[in-house]
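Peer 1: In the UniProt record's numbering, the protein residues as written are 1 to 209.
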Ligand code: SF4
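#1: Specify, as a first and last residue, the run of the alpha helix (DSSP H) that residue 136 falls within.
#2: Which residues does DSSP pair with residue 60 in a beta bridge?
#3: What do you reckon, is the C-beta of residue 109 under 7 Å from a heavy atom of ligand 1?
#4: Please name the residue in 197, 59, 131 and 151 whose C-alpha comes closest to that of residue 190.
#5: Closer than 7 Å by C-beta to residue 79: which residues in its own chain qualify, once you throw out the five before and the five after it? Chain order, please.
#6: Given the structure, does residue 146 come close to ligand 1, in the sense that its CB is under 7 Å from one of the ligand's heavy atoms?
#7: Can you check DSSP and say which residues form a bridge with residue 91?
#8: So, with DSSP's three-state summary, where would you put residue 204?
#9: Excluding the 5 residues flanking residue 86 on each side, which residues of the same chain have their C-beta closer than 8 Å to its C-beta?
#10: Throw me the rounded Cβ distance for the residue 58 and residue 156 pair, which I believe falls under 8 Å.
Below, the structure is given as structure tokens:
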């Protein structure tokens with residue numbers, strides 16, 4: 001939703017948020033069009049995307065609700081609709097017999113694979129950015145992600161900027177290069193991750209500089 005106020009009245013913080021707001025609208029439109037193409041709601045599309053990507057999170061309603069930042073009943077209703085459409089099925093969790101896993105059917109996998117391409121127009125639009133500027137932009141966005149996570153606006157984050165394994169690389173290397181203690185290798189800007197399965201949440205966070 002667009003901000004109604006005259007942005008000239010605001011400082012740089014509000015202008016950054018206004019820009020993110022417009023970008024979020026554009027990406028939301030891409031997702032909504034894809035969902036409509038396949039007769040899905042936005043929440044149903046997001047659930048298919050998470051299941052297609054694979055864990056984390058665990059393929060369970062509660063974990064998905066936390067990940068999507070919505071209420072449990074919203075996910076339960078969406079999973080029920082996906083089940084009626086033949087796109088998911090429920091199976092006993094092999095790690096915990098009291099729990100059920102949500103699993104994509106073959107039809108669900110096909111739609112999820114097509115839906116995963118919904119961001120291609122945005123990626124093409126960004127492809128002409130100078131590589132150094134693209135790295136700067138990526139670092140800045142990871143810093144935004146970190147701060148939104150700290151402010152509990154993004155409850156779940158698996159980015160390098162919120163990970164306990166991220167360390168500053170020894171001084172002889174570029175200040176832009178960090179190091180991953182889990183993989184034991186350097187992370188130049190382009191190697192930083194937005195969603196890493198090995199992520200470990202840290203108590204005190206340090207911004208990427
Ligand atoms: S474990 Fe993953 S998220 Fe954490 S620092 Fe290494 S690459 Fe980044």
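Ideal placement from N, C-alpha and C gives every residue a C-beta, glycine not left out.
Remember, it's a predicted structure, so these values are computed and weren't measured experimentally.
Peer 2: Answer, in terms of the structure:
#1: In the chain shown, residue 136 corresponds to position 136, counting from 1. DSSP places residue 136 inside the alpha helix (DSSP H), whose first and last residues are 131-150.
#2: Counting from one through the chain shown, the residue named residue 60 turns up at place 60. Under DSSP, no beta-bridge partner is assigned to residue 60.
#3: Within the chain shown, the letter at position 109 stands for residue 109. No, the beta carbon of residue 109 sits no closer than 7 Å to any heavy atom of ligand 1.
#4: Position 190 of the chain shown, counting from 1, holds the residue named residue 190. Closest by C-alpha distance to residue 190, out of 197, 59, 131 and 151, is 131.
#5: To locate residue 79, count along the chain shown from 1; it is residue 79. Hits under 7 Å: 47, 61, 88 and 102.
#6: Position 146 of the chain shown, counting from 1, holds the residue named residue 146. Answer for residue 146: no, Cβ out of range of ligand 1.
#7: Residue numbering aside, residue 91 sits at position 91 when the chain shown is read from its first letter. Looking at the DSSP output, residue 91 shares a beta bridge with 101.
#8: Taking the first residue of the chain shown as position 1, residue 204 is located at position 204. Here residue 204 scores only 41 on pLDDT, less than 50, and its place in the model should not be relied on; the value that follows carries that caveat. In the three-state reduction of the DSSP assignment, residue 204 falls in the coil class.
#9: Position 86 of the chain shown, counted from the first residue, corresponds to residue 86. Same-chain partners within the cutoff: 105, 107 and 108.
#10: Within the chain shown, the letter at position 58 stands for residue 58. Within the chain shown, the letter at position 156 stands for residue 156. 12 Å between Cβ atoms; not a contact.
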